[in-house]
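Structure record follows, encoded as structure tokens.
Residue numbers (the working numbering), protein chains in the order written: chain E, 1 to 323; chain G, 1 to 323; chain F, 1 to 323; chain A, 1 to 323; chain V, 1 to 323; chain W, 1 to 323.
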């Protein structure tokens, strides 16, 4: 079985049989010059993408017409080129069975470096640290409704933690930082801070859509993750009977965590907890970019490529302590 | 009866008896050097303000301690000066009766140039133009809960329509512009646009507080009028059974109407109606500044003072058409 | 006859005879390594472009050397490829006769959705609404000198109304909005506002050059459309005997209509008419982007591509009203 | 005879007879509470200002009603205070005769450190260096129409060269720098550069108004000095028969000399001469702030006050070279 | 003994004998109208300031001429007013003895809430955690040269930790946060991060000057604290024999810690340690503003005054947990 | 011998023997799919670049593994294409001897239009004009340590004077302007200004690295040229015994010459010399862009391409003076 990158390295002038496991990322209807419609289907894995053009008279047409973006397929066919772009034929195609998905995930998309299960377990431990029952219940309830999405969604489409399960990794790392820092900042209420950290970006589970091929949802465009997270939290809190004072403050953390209005905050942070959460968010986001640059830079380079979020390339060599 | 400005023009070196009707704008507890507490009370009318210091042994102490900001009082006493500031004594003080308030309003605060009643009636006419019943019901229900505040609140604390009932004036004027422009922009859905115009700033009825002395409320600081308007609209719409598609769009108009993220929009306008409403808002806000500069500039000046929102002083003379 | 896009879809490995009608967009002299000069000629239609390299010994050399950018040609030859780029041979070439141009316009360039003639007639109607004779005469005279350019020039090179006759479409639409709004804003002088709307962007008829291939003219670079429009208006007004007071104000509308200095305004709007015209300009420009996104987005997409001027992709589906 | 500052230092509790020569800076009609009108007249010299209130029944009323801002008066009366502000009585007032103005100028307003006559003579020398006759004629003609204003107007209302004749000083200094630098920059046409330097800010002679009390004129507000300078130059050039190519370029220097659009440039500099003039303008403006800080900082300070245009206080001590 | 605020509350119309301990904040030479020089001396304590004018014939003249800003004096005299400003006479003045200074400090200036000694001891503990000897030696040596200034200087002149010993408080708090967070961010070298935190703002000990009356020093204006801290660290490191690799990185932390170039960073953070330190700096600076707002807001207010560094007033009430 | 551009124009379908002199610009280790490492080597001259892939079993592998970026090679082989990109074989490769480098320089990289030797001689003349011996010694010493780099480094990687020896050209041109302007600005100390001009960008000799293939050095990333120039100057000045006052000021010129903090200045210019040097830098940088646009624009164009640093395309035609 080959990765897409490997297929593209096969000799261009021969039609080589291949087999690959790929995600269907996008399927869109296009109109040919003669007005007949065709489907432009994009397949890919972590190493690259290719397009497959499927006309109405193809045996695969119905399959692709109804295909859900993000579905994983095993495809077979021969390599080919059309107008200088890699355009393999597809002779056989089948959905990869649910039970096998986990096995291929790593080759299909970039994932958080810590397994999802471990992250989830650790997160439960942090929730357990929230003492006030209605607050804990609010967090549990808001989260459980979106558990599936929350577990897979990236931390961002570009910028920091921009890979599968990146949001959960970022949230857990922020919980760790929060718990470490709370003893130093007496003026910050621990329960509110921890609940705020866990829920601050939950709206992204509604803003983004698609399991293996993330894009912005309709509500993501129209409302944005800040308001969606506020709405999800509000509903859960009302159900959990959270007091008005606490709810105002918890919502405020979510509404203000982006820091500056031009970065998408609805208001500026105006409680000790909101200032604290937005600063911890900023710290961990930036460190996430550092971590990613460190692990994705080839060994023979001293500096990573330019990291937009840092405004600089990162020196990736470890400091040398003289023996 | 004298205005505050008139009292300040009386001879400084005599204690002149006076009577005035004023709003209690602010009352705050302060600590004297000897650790005894006293109250610093601010009174004012449209023409100016003065401060009254009330110590614990004063017969008025309890009255001021429990006074509600924005209450109207009739006060009597003598003019006096303390450390060069106007500090009249107060020998008699009584609340102005509810029934008399209307009579004094004009001398106490600046008001919209159109009477509240007329504005409200005109607004009902615009609501009646909304055809889709659940949308009309949403607008009615969201508005009726905040009718009292909506009728008095200014359009902004500074900037445009910054006077009593300014928000309602601005809303009605936007309705007029909206109705005039709709036939020209087919791509804009009339019902959604009109509902959006009426509700776009409704959150200010929750963001601001105080009838005659407007400040930001706790929720104003923590959530901001954009999110508060969204929340008020959402609750009303769910009660009214508005469809999800329409609600998404109506909420989007409110969330995006401020235009730019740095001006407080939660998202950028991304539907024809939202782009339209935010542009009509901008137009009427700027014209509101023009109108205010025209009516508040002394007759002998060619230009108004610098208008911050326009970035220029305004030429207030009418164009001269040769006979 | 084929569009350029169609020619590019013909089999690459055969030389296929073709005939096409195309605009000569650009012809520039280049120097080959051996110091002999050649011409690099760019042809195109609405669907795409290709380049033709013409050496000094070619029979077409003189023709292309003297060719005017924006001329329409009928070309014949065979498809071919050079260094992987589409480089058809040209065996026969002839100018399309003036009388046939209209027939091909639609396939050569994108045009405003309303026919030029209708726009022009409607515009005359708006001019007729200007009561003050010298003002009407100013508008007529300024416009008539540039009628030909005004009728074809786009509203902008990128951004809003960026297609043939887009400027005239934008101007007419602004007239409509202006006339609809004037009854609502008493403080705005109708004659000045209407004249200002019609002339506000007239300078673009001098800033842009080329009928079918628009670029910035020398004066466009050196003076900009704001000053060019001011100059054109000033000359016409002096001829028409417009009074100094009215001319100052009319010129001010043109000089300030861009809104902000960094967007190219020479001064900030400082009369009621100037504030009004710049706001109506902003409204119609944004709505023009909405209209364009609506008509150019493929039917199967919910959202248009990202629209730079809106800062968002546009939701193109109509609202669904439950039956 | 006393300066205003000296008058303010006389004992407050006595009415001391005084005589002073002052500029009438501003006279505005105000309405008293009893609806009778009065005049608020501002007098001042270089050392300070005071206000004189003149009621309708005063013998000076007609005089002040018709007074021209910027007129110089000799006033006599007694010192007095009203509401803690210096409010002297005026028993005698007379216009200072034209022939005496020069004598008092220095104590009335801050002036350029070089005498006007010398600056003007030097400027004529620079004009003489322009070789191309129509260009020289353009400069002479544009300048001569505004000679009186040009000789007295400040370089700016705040910022650099903000004192009487500051514009002429700045222009002459730029000429010197221009002539010194031209031999180093071959690509800059000397005639155009010199003409551009001399005319670049000429529009300020129309933008500002008032001889001894400078404010923005009506045209200053509506058109701004960039466009006014362009218009003045254009008229002179057409009269002088300047060729179109040269006029385009000369106008471009004026339109672009402010450097950035947000600083008021109509277009960005796009010829060698325009880039050069805008850079020399920037250099001399900044050095003008340095010169002013050096001569206005008290001797015992190491640093001047914060200079807004430099973004820093200036170290005013000379470098110390060890003997 | 009275505070300055108390002196100002004494009856204005009597000359009351007083005694006060105050800091001489500023003494500057001024010239009177008659060209004789006098001294304008500013005295103050935490509660307020007053000015004393001392002419050449005064017995105190020599004393004030040679006085060092920031010296503490015990003064006696009588209250008085001149031109409505508090201008007490001084009959007796003497320097407060070194040994007494500590006793008066609290009433003279605002101090960090933690005693200097405790902060210093805690800081020594953090230095001890640095394992690499040359790095520890660098920190010790750089710090010991400026120990006196470092212990007293504020964290900033305005903004965060803007009170005596505020810099040391901020540094110690950052050390605590650093040590708490290091276990979570493996990619950050602990020794470098800790050394960077301790030295990051050390340059302020050279940028600011004056013990009890802080202003910017000459070098503060000319070089700024970032470069001064770099220079101090570099000298200490070379003496301590720190390796080039580690020195480059330590210097980089100091040069980049301000975050953005426009906030004064010489370069953008480009090592894991530099990103980390700048983020921890940001976190603790913002929390310092929160702490200050909490302890300086009167008890009867829900919100603090507007905090410029947060862009909002802070809600100072603690969250209410229902019993 | 062929340029790279010429090689790329040879027929694609034949393997043509070639010989070329090229710079090795970059050599990086990559990993193939089968985990074996290979080298990706980039060669180029002024006309273009190509890549050569060298596997471990190649006879050139060791040579390329140890190759220094910026070395000049004579290569022989045959033209070839791989995946449509020009990938010639290399059969013979040898270093070009030191003595021949000068001969090829012009075809390998773009150079300053004035020969290095002349620039250097002229610079020595300017140094000789510095009167104060320790200042002259500081300049000489700081420069001599970096003479080799200073002579070749570009003025910037992009933007102005971005070609070999561009920094020296820019420095010499600034010296000329400085010497021409000094007589006009008495307040500027000539010795400091000239020393400041010569050293202002010296740090770039440490910020950039590589003779024929310039990139940012490690220190360039971590410290930036402003701080590196400061450090180089400081060391030289201490050795030369420059007084503290003069050193503070010389360092300040270097630290502030970038003008604005966001452009990399460590502090804002706050001495007459620093303001002057930063303005002359700005002037010559902009004129350098003008000069480059003039000499690199093809003769048949009126305007250059868009020049980012000017924000406009430049009109490159000379003004036409009527005969």
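Just so you know, even glycine gets a beta-carbon here, dropped at the ideal spot from N, CA and C.
Going by DSSP in three states, residue i sits in which element: helix, strand or coil?
{"i": "residue 260(G)", "result": "coil"}
{"i": "residue 151(E)", "result": "helix"}
{"i": "residue 193(E)", "result": "helix"}
{"i": "residue 48(E)", "result": "strand"}
{"i": "residue 320(V)", "result": "coil"}
{"i": "residue 266(G)", "result": "coil"}
Looking at chain A, is there any beta carbon in it that lies within less than 8 Å of the beta carbon of residue i?
{"i": "residue 208(F)", "result": "no"}
{"i": "residue 321(W)", "result": "yes"}
{"i": "residue 281(W)", "result": "no"}
Beta-carbon within less than 7 Å of residue i's beta-carbon, same chain only, minus the 5 sequence neighbours each way: which residues are those?
{"i": "residue 12(F)", "result": "81"}
{"i": "residue 315(E)", "result": "302 and 303"}
Skipping 5 residues on each side, what residues in its chain have a beta carbon closer than 8 Å to that of residue i?
{"i": "residue 132(F)", "result": "191 and 246"}
{"i": "residue 295(V)", "result": "113"}
{"i": "residue 187(E)", "result": "272"}
Is there at least one Cβ from chain E nearer than 8 Å to residue i's Cβ?
{"i": "residue 272(V)", "result": "yes"}
Just tell me which of the options has its CA closest to the CA of residue i.
{"i": "residue 184(A)", "options": "127(W), 212(W), 256(W) and 169(W)", "result": "169(W)"}
{"i": "residue 18(W)", "options": "61(W), 69(W), 77(W) and 290(W)", "result": "77(W)"}
{"i": "residue 107(G)", "options": "226(G), 244(G), 287(G) and 163(G)", "result": "163(G)"}
{"i": "residue 148(A)", "options": "135(A), 167(A) and 176(A)", "result": "167(A)"}
{"i": "residue 323(G)", "options": "251(F), 273(F), 74(F) and 243(F)", "result": "243(F)"}
{"i": "residue 309(A)", "options": "318(A), 320(A) and 161(A)", "result": "161(A)"}
{"i": "residue 45(F)", "options": "57(F), 20(F), 53(F) and 27(F)", "result": "20(F)"}
{"i": "residue 212(E)", "options": "90(E), 104(E) and 202(E)", "result": "104(E)"}
Does residue i get closer than 8 Å to chain G when you measure Cβ to Cβ?
{"i": "residue 303(V)", "result": "yes"}
Under the rule that 16 or more other beta-carbon atoms within 10 Å means buried, what is residue i, buried or exposed?
{"i": "residue 249(G)", "result": "buried"}
So with Cβ pairs under 8 Å, would you call residue i a contact of chain W?
{"i": "residue 51(F)", "result": "no"}
{"i": "residue 240(V)", "result": "no"}
{"i": "residue 226(A)", "result": "no"}
Going by beta carbon distance, what residues of the same chain come within less than 6 Å of residue i, once the five residues before and after it are set aside?
{"i": "residue 5(V)", "result": "47 and 48"}
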